[in-house]
Each structure stands twice: as C-alpha cells, then as structure tokens.
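Residue numbers for the sequence shown follow our numbering, beginning at 105 and rising by one. Beta carbons: idealized from backbone N, C-alpha and C, even for Gly.
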Amino acid sequence: MLKILEDLKKKVWRCPFEVRGEKENTILEIELGEIDDSLCLKIQEGFQKFHADTNLVGMKFMLPDSLLEHCKSLADVKKIVIPYQVELLRAEVEYRLHPFLPYQIRSVPEEDARTAFDKRKDLFCIADCLVTSAKEQGIQIGSSEELREFMALLFCHLIAVDKVDVTLELKHPQFGPLFSFSFGGVFFIPERVEMTNPSFNKNCFSIVKSPFLPEEFGRYSKRIEIVLSREAHFTAVDAEVRRKIRYQSNAVLKAGGVKIEDLSEDKQPLGLWIPVFE
105 MLKILEDLKK KVWRCPFEVR GEKENTILEI ELGEIDDSLC LKIQEGFQKF
155 HADTNLVGMK FMLPDSLLEH CKSLADVKKI VIPYQVELLR AEVEYRLHPF
205 LPYQIRSVPE EDARTAFDKR KDLFCIADCL VTSAKEQGIQ IGSSEELREF
255 MALLFCHLIA VDKVDVTLEL KHPQFGPLFS FSFGGVFFIP ERVEMTNPSF
305 NKNCFSIVKS PFLPEEFGRY SKRIEIVLSR EAHFTAVDAE VRRKIRYQSN
355 AVLKAGGVKI EDLSEDKQPL GLWIPVFE
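Structural data, given as structure tokens:
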C-alpha cells in the first residue's frame, strides 16, 4: 500500500499496478503480429500463463510497429485497435468458457462435459446467455469465427451509444445479469462472489497506450499497447487508496480536457479504454 501511495505523489500519473509490475518484472509481455488465424491461439496461451500465475499483476499486448505508419492521431489509433480488441475478447471468452460453447462441447467426451458442468455451472449459464443473445442478433455461435462476429457486433453497439463509460449487460432469464461488456473488457459477474481472489475472479480491465496520449497521464508509449490489470488486485487495495487512485487519475484526465463532473466518481469517463482529450 505504501508503494501505491508513493506513486500517487508523482507528477506523471501511471497505474500503480503497472509501475509495480515493471519494478518486479511481473507483467507478462506478448508481441502480437498481424491479424490472422494464429492470433487467437497466441492470445489464449497468454491468458493461460497469466491465470496460472497470480503473482503476475498485468499483461501487455504489443501491437506491430508497422501499424504506426498509418497513425497520425488518436482517431487513427482507435480504428487500428478495435480489430485487435475484438480478437482479445474473442480469445478470452472462448478460453474462459471452455468447454461450454456449442462448437466446443461437441468435441468433449460426455463424461468430461458433465464433470465440467458440476464444477462450474455458472460458466455454463454464461455461455448459454451469450449464445441466446447472439441468436437474437441473428448470429449462431457455431464456430470461433462466429463468436468473433458477435464480439464485433457488441463493439458496434458500444460505438453507436453516444454516452461515456458504456457498459452492456447480457441477462439470463432465470439468473439475471451474468455477463457485462465494455470497451475495457468482459466481466463474468458470477466470479465477483470472490471479488479479491485472482484464482477465481479472472476479470480484467484494459487501457490503451500510444504515442498520441498525454505523457502526464502515463498512457504515452512509443508503441501501441493494450495493457490488462486484474480486477481482483484493484479491489483488494484499501478503499481509501482506491479512491485516491481514481481521484488523481480523473484529475489528470480533466486537466487534459475530458469532461468530468466529479473527480471522486467510481468510473473514469470513457472507461479505461482511450480517453478523448479536447
């Protein structure tokens, strides 16, 4: 906690978990290539390593340097990042819901599927909720490609809603909200029953770093990066320290031109994705 408080006093605002991870070498770095059929598997291998080692405080996906040749502003970064964000979400959802998506369960022995159901009925319900919601949008999740199509559609819904900090919830008819989705990532709501346990609560939130963001906010990077932090680690921090983290983060955003009514609000406007500076 003392280390986090010390970071709050620095002039350049950076996520305390990223600072700690760099000092302790506990950020998993993954180089992403061009978007192709192998990218999803590479991302999933990263998630497997990350979830297996709860000492890791973050995961950093670095996009190809060649993409910067097409970037002159934050608007260009958004266009480039969205397809990669869709791939990240597709890979994460597919990995975390295994073996309960329709195209997965067909290849799993019945006994293994029954054992998985007995252990994690909540994941089965989330998968069912996801599949039902996709059908309502005319998408049958019968393959990994169709899951990506649905993730892309959800992103389109977020972009179409002209509000800050947009979150979409998918509700199960019996159990209520099970799955929430925002620019920052996907959240399996049942896992929040053990909110501060990273072995069970695997939810993460992401930020985007690039050469087109203010260095004062700590989002500046020579490369385009998508950095993930664990929800479990953040919520395990003392409530007053969390409030100070949000307050200073919001203060720097507001100084950069982002409209913020209350610096103490729980969620930064525009989420933790790509703040828009006027």
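Rounded to a whole number of angstroms, what is the C-alpha to C-alpha distance between residue i and residue j?
i, j, result
"Ile243", "Glu253", "8 Å"
"Gly322", "Ile147", "25 Å"
"Ala336", "Val345", "15 Å"
"Gly137", "Leu167", "7 Å"
"Ile245", "Gln208", "10 Å"
"Val290", "Glu191", "12 Å"
"Phe221", "Phe204", "8 Å"
"Glu128", "Leu234", "37 Å"
"Ile230", "Leu201", "8 Å"
"Phe228", "Ala156", "21 Å"
"Val312", "Lys176", "16 Å"
"Phe309", "Asp141", "25 Å"
"Asp180", "Phe154", "30 Å"
Tell me the DSSP secondary structure of residue i in three-state form.
i, result
"Lys348", "helix"
"Glu365", "coil"
"Leu201", "coil"
"Leu109", "Because Leu109 carries a pLDDT of 43, less than 50, the predicted location of this residue cannot be relied on, and the following value inherits that uncertainty. Leu109 falls in the helix class under three-state DSSP."
"Thr271", "strand"
What are the boundary residues of the alpha helix (DSSP H) that residue i is part of?
i, result
"Val312", "From DSSP, Val312 is part of no alpha helix (DSSP H) but of the beta strand (DSSP E) over 308 to 313."
"Phe391", "Residue 391 falls outside the range modelled here, since the chain spans only 105 to 382, and no answer is possible."
"Gly150", "143 to 156"
"Ile209", "206 to 209"
"Pro289", "With the sequence shown as reference, residue 289 is identified as Gly, and Pro is not the correct amino acid for it. Counting along the chain, Gly289 falls outside any alpha helix (DSSP H), though it belongs to the beta strand (DSSP E) covering 289 to 292."
"Arg124", "120 to 128"
Quick one: what's residue i bridged to in DSSP?
i, result
"His276", "Gly280"
"Val331", "Lys164, Ile311"
"Ile393", "Since the displayed the chain opens at 105 and closes at 382, residue 393 lies outside it and no answer follows."
**Asked** Three or more C-beta pairs closer than 8 Å, one from the segment 313 to 322 and one from the segment 275 to 285: is that the case here?
**Response** The segment 313 to 322 vs the segment 275 to 285: no contact.
**Asked** Touching or not, the segment 134 to 149 and the segment 190 to 198, by the rule of three or more beta carbon pairs under 8 Å?
**Response** With the cut-off at 8 Å, the segment 134 to 149 and the segment 190 to 198 touch.
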